[in-house]
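Residue numbers (the numbering used here): 12 to 277. We treat Cβ as the ideally placed atom computed from N, Cα and C, and that holds for glycine. Below is one structure; the comments refer to it alone.
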Amino acid sequence: MAHVEYYQAKSILSKASGFINSYDYTLNPYGGCAFACAYCYAAFFAPNTALQDTWGQWVQVKENALDLLRKRRKRPLIDKTIYMSSVTDPYQPVEKRLEITRALLYELLDYHQVRLVVQTRSPLVTRDIDLLRQFPRARVHMTVTTDDDEVRKAFEPLCPSNTQRLWAARTLADADIPTSITLTPLLPVRDAAGFARALRDTRAQKFVVQDFHPTTRRFAAGTGQQALTAAERWNWDSARYEAVKALLRAALPNFYEGKEGFAPAW
Ligand code: SF4
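Pasting the structure below:
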């Protein structure tokens, strides 16, 4: 279980850049991430090498997150796009008890007019359907990476199961919350045709696939090597990725690859 610590953050909204530069702001209620994915790119943005090396073992709670957002009441966010979150998952296990993300959603609803994308792999997001459905424009990106829970355990040992994530996507779609499934990165798939059927059955409107980062940098430190080893164990290479991608593309509507699929759209 990840170590949880509390601190006073300096800011809660950051200018979006890089892969998600089509958004105005990123909003990260937490630092670190208890889900500990072996391939996590966010680990490279940890404040120092000690925290990079122990990525997945710690979560920093921005205990003043709501106070920081309240300071924006004087300058409301009007028609701004917000990506929550870029370097953590806003539905950390501890969020169930602390409800920091939920409080931020309330604040955004009551005092701002934003277009919101929530990026998560946690079924806890369904707790906040009552709030998400009040946003004129909110979308949930649910990350689902494989159909094989053995693969999931190798790459994402502390994440919710595939079944839970598919259930969450279906629950969101059934509640009329615009929902995308982000297959990012796509991990080894056992039965591509069956996976496509399961994804389609969620009734998500949009699907986004992405391979591992093409450079070796993502495997350059810490848990990255764990992902490289696991990929080799499953003989997961670019040819297999392309083959599964082609099958999914043929079976699923509104299918995108990479950055284009992350652009804000409702
Ligand atoms: S859930 Fe996202 S931020 Fe957390 S470890 Fe996995 S990839 Fe990184």
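**OP:** Taking T137 and T182 to be in contact with their CB atoms under 8 angstroms, please state how far apart those CB atoms are, rounded to whole angstroms.
**Re:** Here residue 137 refers to the residue found at position 126 when the sequence shown is read from its first residue. Here residue 182 refers to the residue found at position 171 when the sequence shown is read from its first residue. The Cβ separation is near 5 angstroms, so the contact holds.
Subject >> N- and C-terminal bounds of the beta strand (DSSP E) containing V125 >> reply: On the sequence shown, residue 125 is found 114 positions in, with the first residue counted as 1. Residues 124–131.
**OP:** Look at the alpha carbon of A13 and the alpha carbon of V162, and state the distance between them as a whole number of angstroms.
**Re:** The residue given as residue 13 occupies position 2 in the sequence shown. The residue given as residue 162 occupies position 151 in the sequence shown. Spanning the two alpha carbons is a distance of roughly 22 angstroms.
Original post:
Do A13 and ligand 1 come close, with the Cβ less than 7 angstroms from some heavy atom?
Top reply: Position 2 of the sequence shown, counting from 1, holds the residue named residue 13. Answer for A13: no, Cβ out of range of ligand 1.
**OP:** Report yes if the C-beta distance between A2 and L119 is below 8 angstroms; otherwise report no.
**Re:** An answer regarding residue 2 cannot be provided, because it is not within the stretch 12 to 277 covered by the chain.
Subject >> CA-to-CA distance, K270 to I192, given in whole angstroms >> reply: Along the sequence shown, read from residue 1 onward, the residue named residue 192 stands at position 181. Along the sequence shown, read from residue 1 onward, the residue named residue 270 stands at position 259. Taking the straight line joining both Cα atoms gives about 14 angstroms.
**OP:** Could you tell me whether the stretch 105–123 touches the stretch 236–246, using the rule of 3 or more Cβ pairs below 8 angstroms?
**Re:** no
Original post:
What residues are listed by DSSP as bridge partners for A149?
Top reply: Locating residue 149 in the sequence shown gives position 138, counting from the first residue. In the DSSP output, where bridge partners are listed per residue, A149 has L127.
**OP:** Figure out for me which residue from F146, A209, S25, T213 has the closest Cα to the Cα of D90.
**Re:** Within the sequence shown, the letter at position 79 stands for residue 90. Cα-wise, what sits closest to D90 is F146.
Original post:
CB V151 to CB L197, shorter than 8 angstroms?
Top reply: Here residue 151 refers to the residue found at position 140 of the sequence shown. Here residue 197 refers to the residue found at position 186 of the sequence shown. No. Outside cutoff.
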